[in-house]
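What follows is a short report on a single structure.
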Amino acid sequence: MRAIGIDIGGSSVKFTAVDANDKILKHFAIPTDTTQSAAAFAAQLAVAVNMLKAGFKDKNIALGVGLPGDTDHQKGILRWAPNIPWRNFKIKALLEMTTGCRCFVSNDANMAAWGVHAKELKYKYQNIIVITLGTGVGGGLVIDGKLYNGAMGAAGEIGHTKIDFSPRAPLCGCGNRGCLEAYCGAAGIRRAALRAARKEPRSALAGLIKKEGFSVKILSAAARAGDKTALALWHDVGVNLGRGLANMILMLNPQAVVLAGGVSRGAEYFQGAIKKVFSAQSVKTPFENVNLLISREEDIGAAGAALYAAAKADEK
Ligand SMILES: [Zn+2]
2 MRAIGIDIGG
12 SSVKFTAVDA
22 NDKILKHFAI
32 PTDTTQSAAA
42 FAAQLAVAVN
52 MLKAGFKDKN
62 IALGVGLPGD
72 TDHQKGILRW
82 APNIPWRNFK
92 IKALLEMTTG
102 CRCFVSNDAN
112 MAAWGVHAKE
122 LKYKYQNIIV
132 ITLGTGVGGG
142 LVIDGKLYNG
152 AMGAAGEIGH
162 TKIDFSPRAP
172 LCGCGNRGCL
182 EAYCGAAGIR
192 RAALRAARKE
202 PRSALAGLIK
212 KEGFSVKILS
222 AAARAGDKTA
232 LALWHDVGVN
242 LGRGLANMIL
252 MLNPQAVVLA
262 GGVSRGAEYF
272 QGAIKKVFSA
282 QSVKTPFENV
292 NLLISREEDI
302 GAAGAALYAA
312 AKADEK
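Note that this note's numbering has the sequence shown beginning at 2, numbered continuously upward.
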């Protein structure tokens with residue numbers, strides 16, 4: 002075994018062990034128990050890591066941790082997170098002490114981006130933007146083959162870049178208005194869908210929402226059936242995502258933009274709108290040379306953390 006990756010989420014913690022050829026050896030999850038102290042939680046992680054280590058001969062194992070919030074990637078501290086209670090959690094120091102592994106940490110979206118780069122795309126591109134479209138919208142950047150953390154570890158907050166400055170722009174989970182996340186995260190899409198269903202009560206979408214409640218899946222199902230209301234909603238997602246991505250593409254000139262997360266499962270209904278926004282741009286070169294890809298990996302965060310740790314350990 003070469004490295005272990007840990008993806009810490011609000012409801013579960015996922016572990017993935019990889020070998021020197023980036024092959025996944027083991028993967029499992031445990032629930033996140035946020036009723037305990039940060040130290041007790043770190044001790045629980047260490048027990049799992051040490052159990053994994055015990056099964057392998059190689060003891061020179063790197064540890065990567067993806068954290069669900071504002072992370073100091075250099076010191077290895079989770080400063081703050083929306084869904085877990087621990088503040089200034091010195092996770093790198095605690096895990097290095099209790100496991101003997103060298104530990105590398107980053108924000109979870111960054112680790113997922115590395116997972117797409119290393120595992121899914123097999124290092125094919127040196128410059129990519131990965132955007133995770135879940136309840137919220139996160140992002141990660143690989144620039145010149147390296148994960149870009151920024152000065153304080155806070156790079157890649159793509160979801161809170163603004164695409165609408167009007168005072169009536171929809172509210173984002175962060176408290177501001179007009180963020181990309183308010184349009185392209187599942188929570189924002191849900192709000193738009195409920196509004197559309199009230200306006201078009203006889204649409205297939207309204208019927209499905211009444212029967213099952215809203216989900217990205219039923220929005221896709223309605224679109225598949227040709228429902229105009231659902232297709233218009235997906236089109237709006239594409240236009241808004243296209244606008245947000247266009248700004249990033251102009252800034253970074255990536256080889257690929259990869260859409261991941263639950264909302265990306267509806268990509269067949271909105272990627273055309275994204276491409277239209279791209280082709281309408283005046284500066285042509287970065288848009289003619291960018292690949293718009295959809296991630297097929299369901300669970301890339303822990304593998305990304307493991308592969309990132311292995312790469313970082315090899316650096317020095
Ligand atoms: Zn926001």
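Even glycine gets a Cβ: it sits at the ideal position worked out from N, Cα and C.
Keep in mind that this is a model prediction, so the values were computed, not measured.
Which one of the options has the shortest CA to CA distance from residue i?
i, options, result
"G263", "N254, K27, T286 and L220", "L220"
"D8", "T35, A21, I295 and V106", "V106"
"F57", "I78, L68, L46 and A21", "A21"
"G154", "P168, K76, A261 and D228", "K76"
"I301", "V66, A55 and A40", "V66"
"T36", "N84, P168, V50 and R199", "N84"
"C180", "F215, V238 and R266", "V238"
"F271", "A304, K147, L134 and E201", "L134"
"Y184", "K218, V240, S216 and K211", "V240"
"E158", "G137, R178, P171 and L172", "G137"
"A312", "R80, A63, R88 and A281", "A63"
"D71", "F279, A247, A197 and G151", "G151"
"E316", "R103, V50 and A49", "R103"
"R196", "P171, N177 and R178", "P171"
"Q282", "L26, G243 and A94", "G243"
"E249", "F288, E213, E269 and K277", "The question names Glu, but residue 249 is Met in the sequence shown. Closest option to M249, Cα to Cα, is F288."
"G160", "R178, F90, K276 and K229", "R178"
"K229", "G139, A198 and M52", "A198"
How would you call residue i, buried or exposed, if buried means at least 16 neighbouring beta carbons within 10 angstroms?
i, result
"D145", "exposed"
"M2", "buried"
"P255", "buried"
"P86", "exposed"
"G227", "exposed"
"V284", "exposed"
"N290", "exposed"
"D59", "exposed"
"P202", "exposed"
Could you spell out where the alpha helix (DSSP H) holding residue i opens and where it closes?
i, result
"R225", "V217 to R225"
"C104", "Where C104 is concerned, there is no enclosing alpha helix (DSSP H), although the beta strand (DSSP E) it sits in stretches over R103 to N108."
"P287", "T286 to E289"
"V117", "Careful: V117 lies outside any alpha helix (DSSP H) and carries neither H nor E."
"G10", "Looking at the DSSP string, G10 is not in any alpha helix (DSSP H), and its letter there is neither H nor E."
"V143", "Run containing V143: none in the alpha helix (DSSP H); it sits in the beta strand (DSSP E), V138 to I144."
"K54", "A39 to A55"
Would you give the residue range spanned by the beta strand (DSSP E) that residue i belongs to?
i, result
"I275", "Careful: I275 lies outside any beta strand (DSSP E), inside the alpha helix (DSSP H) at A268 to S280."
"H236", "Not the beta strand (DSSP E): H236 falls in the alpha helix (DSSP H), residues K229 to L253."
"I129", "I129 to L134"
"R196", "No beta strand (DSSP E) holds R196; the alpha helix (DSSP H) holding it covers A187 to K200."
"T100", "Counting along the chain, T100 falls outside any beta strand (DSSP E), though it belongs to the alpha helix (DSSP H) covering I92 to T100."
Taking contact to mean at least 3 C-beta pairs separated by less than 8 Å, is the stretch 10-18 in contact with the stretch 28-44? yes
Would you call the stretch 95-102 in contact with the stretch 189-196, where contact means no fewer than 3 C-beta pairs closer than 8 Å? no
Any contact of the stretch 106-119 with the stretch 226-246, i.e. 3+ C-beta pairs under 8 Å? no
Counting beta carbon pairs with one atom in the stretch 160-178 and one in the stretch 290-308, are three or more of them shorter than 8 Å? no
Is there contact between the stretch 244-261 and the stretch 115-134, where contact requires at least three CB pairs shorter than 8 Å? yes
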